[in-house]
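Keeping their order, the protein sequence lines are chains A and B.
Numbered continuously in my numbering, the first sequence closes out at residue 1041.
Numbered continuously in my numbering, the second sequence closes out at residue 254.
Structure, as structure tokens:
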Amino acid sequence: MTDKFDKEPADGKPSAGVSKEGTALAPEAIKAIPVRHYGRWISGVIVLGLLALLINAFATAKKINWGAVGDYIFDPTVLAGAGRTLLISILAMIMGVVLGVILAVMRMSKNPVTSSVAWLYIWIFRGTPVYVQLLIWFNLALVFEYLNLGPFYKDEMVQVMTPFMAALLGLGLNEAAYMAEICRAGLMAVDEGQTEAAHALGMSHGKTLRRIVIPQAMRVIVPPTGNEFINMLKTSSLVYVVTYNELLRATSTIGSTSYAVMELLFVASIWYLVMTSVFSVFQYYLERRFARGSLRQLPPTPWQKVKANLISIGGRERGASA
Amino acid sequence: MTAMVKAEGVHKAYGAVQVLKGIDLEVQTGEVFCLIGPSGSGKSTFLRCINHLEKINAGRLYVDGELVGYRQKGDKLYELKDSEVAQQRRDIGMVFQRFNLFPHMTAAENVMEAPIQVKGVSKSQARERAHELLTKVGLGDKAGNYPSQLSGGQQQRVAIARALAMEPKLMLFDEPTSALDPELVGDVLDVMRDLAESGMTMVVVTHEMGFAREVGDSVVFMDGGVVVESGNPREVLTNPQHERTQAFLSKVL
């Protein structure tokens, strides 16, 4: 501070920061009236009004028995269905991600055999409907009557291919084909210089992939994978064809016997929304983790954002008076 | 003195484009060998051939008496397996123009990675060594920073520490200061000067003529994929014999 006192009078004319009394101050903080966004307020009111009308239309519809939604939302059969949906989606997704990474690496391999195998796999599994794939797995006994793993295991295919197995294989192997393409895009997005640097240090291809390339590719891979998972939660409703009793099948069964078809579909939708919402939060933290190093500062968590907003509201007064 | 790097008629082509048209040179153990020349003269390509990041099309290239990338039996050459190439690269450190630090790892983790993954050094030992090396390049207090939190000059010094962690017998520098602000170039050159004084064999592709003159033991001027002129940097840079060298130096000095 004393330096400023010495310097500022020395250059002759007082700067904007020097007040009439001659005390040097930082220039006064700007207190301007912010631009008023009237358009935002008006459109916000209109949107809220329309939403209220829509909700009202649904809520007061005489032909929908909202009581049934409340009655069945925590019904044990519905809960069990939701649990199975979650289970099959998570397991199929894990299978899809693991196989997808392997297929992506195979597809990009210099070895023509592995890259062709990966190409063929993706071509078949991405090119045919999941619905058909599910039925093929479920009816695999038509082609292979026995599952024979030599000395380790032998059983009739009908015994092995339970609804759960068919659902898992159908969804998981199909997902792997999509995940392979997502992973390939991620691997290609990593700068070539990273591979060169790792190779120059004497790291093998495998180690370079595992330690250097894949962790960086994850940042690109995670967002579309989250999308895939949310898609999977709902695609999993297709497994009713192999008689796996997931959420949608469970609710439709109740719905048709209790004459509350639409009501039970709302029940199912509420659970799907709950699951996708919970997962979206998880995805946010996952993305934050893989952003390490690529951003100078990690984005705040939702909770940190709320705290920062509270502090800035409280601190505005103090900031102005100081 | 023995030759650390020996090139005999090294040729390299990308498709129909001849980039190296017969390079013959020797880098002696313990010397600082500078490669200068205009862009596209093939100096970076030659450097990348030394650790087999590029495959040569003709000629022979030896590092410490060992053929790079191939094995010779009688008069036949056999390509080395990837794992054998990796084995050869362990002893050759490389510093890139664009640093190529691993962005998902801190400075210390960058330095620790290869010793742990390639040499099987224990984590605690690698960490200790990483701190020593980072201190040596003047970044002892930045060990926990990610590359994105470091300036270009600091990143390049971490990259040098990372290469040194493998205890190489030869260090390759590919225009290590070309991507830096002029202010930051000095810090990196200081580290390289210290390294040269410690007796490290260094091959440096550079546009820093001052560095080549002061620190270099030999200099080679390359143009159009051939060596135009070579010798003691104080002579070549101050009194070039070839007119192509004269023209180049008159522009950069």
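Backbone N, C-alpha and C define an ideal beta-carbon position, used for all residues, glycine too.
Exercise for the section: Please confirm if residue 834 (chain A) has its CB atom under 8 Å from at least one CB of chain B. Expected result: Residue 834 (chain A) does not count as touching chain B.
Practice task
Quick one: grab the DSSP three-state call for residue 34 (chain B).
Solution key: Note: residue 34 (chain B) maps to strand in three-state DSSP.
Handout entry: Three-way DSSP call (helix, strand, coil) for residue 68 (chain B) in this model
Key = DSSP places residue 68 (chain B) within a strand segment (E or B) once states are collapsed to three.
Handout entry: residue 890 (chain A) vs residue 970 (chain A) beta-carbon contact at 8 Å
Key = Result no, Cβ atoms of residue 890 (chain A) and residue 970 (chain A) do not sit closer than 8 Å.
Practice task
Would you kindly work out how many angstroms separate the C-alpha atoms of residue 752 (chain A) and residue 1026 (chain A), rounded to a whole number?
Solution key: Residue 752 (chain A) and residue 1026 (chain A): Cα-Cα distance of roughly 25 Å.
Problem - Span separating the alpha-carbon of residue 774 (chain A) from that of residue 810 (chain A) - result: Looking at the two C-alpha atoms, the distance is approximately 36 Å.
Exercise for the section: Find the residues of chain A that neighbour residue 87 (chain B), judging by a C-beta separation of less than 8 Å, and give them in chain order. Expected result: Under a criterion of Cβ atoms nearer than 8 Å, the residues of chain A adjacent to residue 87 (chain B) are, in order, 918, 921, 922, 923.
Problem - Where the alpha helix (DSSP H) through residue 218 (chain B) begins and ends - result: For residue 218 (chain B), there is no enclosing alpha helix (DSSP H), since its DSSP letter is neither H nor E.
Practice task
Can you tell me the Cβ-Cβ gap for residue 39 (chain B) and residue 224 (chain B), rounded? I've got them flagged as a contact below 8 Å.
Solution key: About 6 Å separates the two Cβ atoms, so the contact holds.
Exercise for the section: Output yes if chain A places a C-beta closer than 8 Å to the C-beta of residue 177 (chain B); else output no. Expected result: In terms of beta-carbon proximity, residue 177 (chain B) stays away from the interface with chain A, with every pair separated by 8 Å or more.
Problem - Secondary structure of residue 880 (chain A), DSSP reduced to three states - result: The DSSP-derived three-state label of residue 880 (chain A) is coil.
Handout entry: Amino acids of chain B, ordered along the chain, whose beta-carbon sits closer than 8 Å to that of residue 926 (chain A)
Key = The contact set of residue 926 (chain A) on chain B, defined by CB atoms closer than 8 Å, consists of 118, 119 in chain order.
Exercise for the section: Examine chain B for any beta-carbon lying closer than 8 Å to the beta-carbon of residue 1042 (chain A), and answer yes or no. Expected result: Because chain A in this structure spans residues 720 to 1041, residue 1042 (chain A) falls outside the shown range and cannot be described.
Problem - Sequence-distant residues of its chain with Cβ nearer than 7 Å to residue 805 (chain A) (five each side left out) - result: For residue 805 (chain A), where only same-chain residues beyond five positions count, the Cβ hits under 7 Å are 994.
Practice task
Measuring alpha carbon to alpha carbon, tell me which of B:45, B:32, B:250, B:113 ends up nearest residue 145 (chain B).
Solution key: Residue B:113 is the option with its Cα nearest to residue 145 (chain B).
Practice task
Examine the Cβ distances between the stretch 907-927 of chain A and the stretch 834-842 of chain A and report whether three or more of them are shorter than 8 Å.
Solution key: No contact exists between the stretch 907-927 of chain A and the stretch 834-842 of chain A.
Practice task
Determine the closest residue to residue 272 (chain B) out of B:33, B:35, B:55, with distance taken between C-alpha atoms.
Solution key: With chain B running from 2 to 254 in the structure shown, residue 272 (chain B) is simply not present.
Practice task
Out of B:42, B:115, B:253, B:35, point me to the one whose CA is closest to residue 216 (chain B)'s CA.
Solution key: Taking residue 216 (chain B) as reference, the option from B:42, B:115, B:253, B:35 with the minimal CA-CA separation is B:35.
Problem - Minimum length 4: unbroken alpha helix (DSSP H) runs contained in the stretch 176-235 of chain B - result: Whole alpha helix (DSSP H) segments, 4+ residues: 183-198, 210-216.
Handout entry: Nearest neighbour of residue 663 (chain A), chosen from A:748, A:803, A:862 [CA to CA]
Key = Coverage of chain A is limited to positions 720 through 1041, which leaves residue 663 (chain A) absent and any answer about it impossible.
Handout entry: Sequence-distant residues of its chain with Cβ nearer than 8 Å to residue 1041 (chain A) (five each side left out)
Key = Because the pLDDT at residue 1041 (chain A) is just 35, under 50, the model does not fix this residue reliably, and the point stays unresolved.
Practice task
Look at the Cβ atom of residue 94 (chain B), then the Cβ atom of residue 169 (chain B), and state whether they are nearer than 8 Å.
Solution key: With respect to residue 169 (chain B), residue 94 (chain B) sits close: the two C-beta atoms are nearer than 8 Å.
Exercise for the section: Measuring alpha carbon to alpha carbon, tell me which of A:851, A:901, A:895, A:921 ends up nearest residue 939 (chain A). Expected result: For the residues A:851, A:901, A:895, A:921, the minimum Cα distance to residue 939 (chain A) belongs to A:901.
Problem - Cβ contact check for the stretch 774-787 of chain A and the stretch 863-881 of chain A: 3 or more pairs under 8 Å - result: Contact between the stretch 774-787 of chain A and the stretch 863-881 of chain A is absent, because fewer than three Cβ pairs lie under 8 Å.
Problem - Three-state class that DSSP yields for residue 792 (chain A) in the structure shown - result: In the structure shown, residue 792 (chain A) falls within a coil segment according to DSSP collapsed to helix, strand and coil.
Practice task
Consult DSSP for residue 29 (chain B) and reduce its assignment to one of helix, strand or coil.
Solution key: Strand.
Handout entry: Presumed contact (8 Å Cβ cut-off) between residue 62 (chain B) and residue 51 (chain B), rounded CB distance
Key = Yes, residue 62 (chain B) and residue 51 (chain B) are in contact; Cβ-Cβ is about 7 Å, under 8 Å.
Practice task
Let me know if residue 814 (chain A) comes out buried or exposed under the rule of 16 or more other beta-carbons within 10 Å of its beta-carbon.
Solution key: By the 16-neighbour rule on beta-carbons within 10 angstroms, residue 814 (chain A) is buried.
Practice task
Output the residue ranges of the beta strand (DSSP E) runs that lie fully inside the stretch 846-877 of chain A and measure 3 residues or longer, sorted by chain position.
Solution key: If we require 3 residues or more, the beta strand (DSSP E) runs fully inside the stretch 846-877 of chain A come out as 865-867, 873-875.
Practice task
Step through the CB atoms of chain B and report whether any lies within less than 8 Å of the CB of residue 934 (chain A).
Solution key: Using beta-carbon distances, residue 934 (chain A) counts as an interface residue toward chain B, with a partner under 8 Å.
Handout entry: Sub-8 Å separation of residue 53 (chain B) and residue 90 (chain B) beta-carbons
Key = The Cβ atoms of residue 53 (chain B) and residue 90 (chain B) sit closer than 8 Å to each other.
Exercise for the section: Answer with buried or exposed for residue 772 (chain A), where buried requires no fewer than 16 other C-beta atoms within 10 angstroms of its C-beta. Expected result: It counts as exposed.
Handout entry: As assigned by DSSP and simplified to three states, the class of residue 174 (chain B)
Key = When secondary structure is reduced to three states using DSSP, residue 174 (chain B) falls in the strand class.
Practice task
Alpha carbon to alpha carbon, how far is residue 81 (chain B) from residue 73 (chain B)? Give it in angstroms, no decimals.
Solution key: Residue 73 (chain B) and residue 81 (chain B) have their C-alpha atoms roughly 10 Å apart.
Practice task
Could you have a look at residue 780 (chain A) and say whether DSSP puts it in helix, strand or coil?
Solution key: Residue 780 (chain A) sits in coil when the DSSP states are folded into three classes, being neither helix nor strand.
Handout entry: CA-to-CA distance, residue 248 (chain B) to residue 44 (chain B), given in whole angstroms
Key = C-alpha of residue 44 (chain B) to C-alpha of residue 248 (chain B): approximately 18 Å in a straight line.
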